[in-house]
Amino acid sequence: MIILADVMFVVLILITILGALTTVLSGSLIYALMGLIATMFGIAGLYIYLNAPFIAMMQILIYVGAISILIAFAIMLAGPMFKRPKEWSRPIKFISGAITACVIFILFLNVIMRTEWTTIKAEPIKTTTKELGRALFDRFMLPFELISLLIVVSIIGAIMIALYSRKER
Amino acid sequence: MTTGYLFNNFNLYLFLSLFLLCCGILGIVYRRTLIAMLISVELIMNGAGLNFVAINRFLYPDKVNGQVFTLFIMGIAAAETAIALAIVILIFRRYKKIEADTLKEMKD
Chain A
0 MIILADVMFV
10 VLILITILGA
20 LTTVLSGSLI
30 YALMGLIATM
40 FGIAGLYIYL
50 NAPFIAMMQI
60 LIYVGAISIL
70 IAFAIMLAGP
80 MFKRPKEWSR
90 PIKFISGAIT
100 ACVIFILFLN
110 VIMRTEWTTI
120 KAEPIKTTTK
130 ELGRALFDRF
140 MLPFELISLL
150 IVVSIIGAIM
160 IALYSRKER
Chain B
0 MTTGYLFNNF
10 NLYLFLSLFL
20 LCCGILGIVY
30 RRTLIAMLIS
40 VELIMNGAGL
50 NFVAINRFLY
60 PDKVNGQVFT
70 LFIMGIAAAE
80 TAIALAIVIL
90 IFRRYKKIEA
100 DTLKEMKD
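Sequence lines, in order, name chains A and B.
At position 63 of the first sequence (counting the first as 1) the number is 62 in numbering that gives the first Met the number 0, and the numbers step up by one without a gap.
At position 54 of the second sequence (counting the first as 1) the number is 53 in numbering that gives the first Met the number 0, and the numbers step up by one without a gap.
Listed below in structure tokens is the structure:
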């Protein structure tokens, strides 16, 4: 019996896989960005299946809303793209990259298949956003503050890089 | 019980995140421009986040550690993207190109 949740799950996985393939194999940069956005939406849907709706919302807000827009602005600032050659580089590079990816795939596939995962079969406890926030400000206080410091430093660093390059010109 | 459904299959999530990792590695090796390499790094980060949340959901469903670490991964990805794109724009202003092959001044 096919239920609708399974169909939607398969659709999400297909969106993710096709988006990832578009990201890697397409010839244009902006198509690669579109593939990345599709992949992010698919993974946000998978987070909802994994009982993490807050993470799904944050995925859409941060990745799709912030990082993709940042990359799109960088693509637009980096000049007209239609004058550039296509993204495909030499085929020897593709072959070496494919060999590396295949080796890593087989390696981790063995790791996944040989590990005895003790998955819990019962209906999982739904973790709420309240518990998430409590963990974030209780046990993970120091990493949380360090992440915020890291983001501040990176923003200041990006502004400084832009300023000095303008002064130099 | 909900064990028979497809979305309760633990290995499927791991395979998907492994596929994203391999796509990212292939993209880093294969693509020409620096921005495309950065996009491939984002793919790897997405796969890592999916892996964390899946392991949290299926192995330790009463804890929230995996979700917290996925939030940290998102913050690190945002910081990394901001810095890397600033550097890419700087490279474009200086060399008028964003292909990775042009950056061989230190090598020669």
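Cβ coordinates follow ideal geometry from the N, Cα and C atoms, glycine included.
Quick caveat: nothing in here was measured; it's all calculated off a predicted structure.
Taking the alpha-carbon positions, what's the residue i to residue j distance?
| i | j | result |
| --- | --- | --- |
| B:I72 | B:A78 | 10 angstroms |
| A:I98 | A:F136 | 44 angstroms |
| B:E98 | A:M159 | 23 angstroms |
| A:L17 | A:E130 | 34 angstroms |
| A:A65 | A:A71 | 10 angstroms |
| A:F8 | A:R138 | 33 angstroms |
| A:G26 | B:K62 | 43 angstroms |
| B:V52 | B:L58 | 10 angstroms |
| A:I111 | A:A19 | 21 angstroms |
| B:I88 | A:L76 | 7 angstroms |
I'd like to know if residue i contacts chain A, where contact means its C-beta is closer than 8 angstroms to some C-beta of that chain.
| i | result |
| --- | --- |
| B:I86 | yes |
| B:T69 | yes |
| B:I43 | no |
| B:A47 | no |
| B:V28 | yes |
Hey, does residue i have any beta-carbon neighbour from chain B nearer than 8 angstroms?
| i | result |
| --- | --- |
| A:N109 | no |
| A:L135 | yes |
| A:L162 | no |
| A:V9 | yes |
| A:A100 | yes |
| A:M33 | no |
Taking C-alpha atoms, which residue in the options lies nearest to residue i?
| i | options | result |
| --- | --- | --- |
| B:T69 | A:Y62, A:A65, A:I54 and A:V151 | A:I54 |
| B:L17 | A:I150, A:A19 and A:F107 | A:F107 |
Let's test the definition: count the other Cβ atoms within 10 Å of the Cβ of residue i and tell me whether it reaches 16, buried, or not, exposed.
| i | result |
| --- | --- |
| B:E41 | buried |
| A:T114 | exposed |
| A:S147 | exposed |
| B:M44 | buried |
| A:Y46 | buried |
| A:T117 | exposed |
| A:I2 | exposed |
Would you identify the three-state DSSP class for residue i, choosing helix, strand or coil?
| i | result |
| --- | --- |
| A:T114 | coil |
| B:E98 | strand |
| A:T128 | helix |
| B:M0 | Only weak support is given to the placement of B:M0: the predicted model assigns it a pLDDT of 40, under 50, and the value that follows is read from those uncertain coordinates. Note: B:M0 maps to coil in three-state DSSP. |
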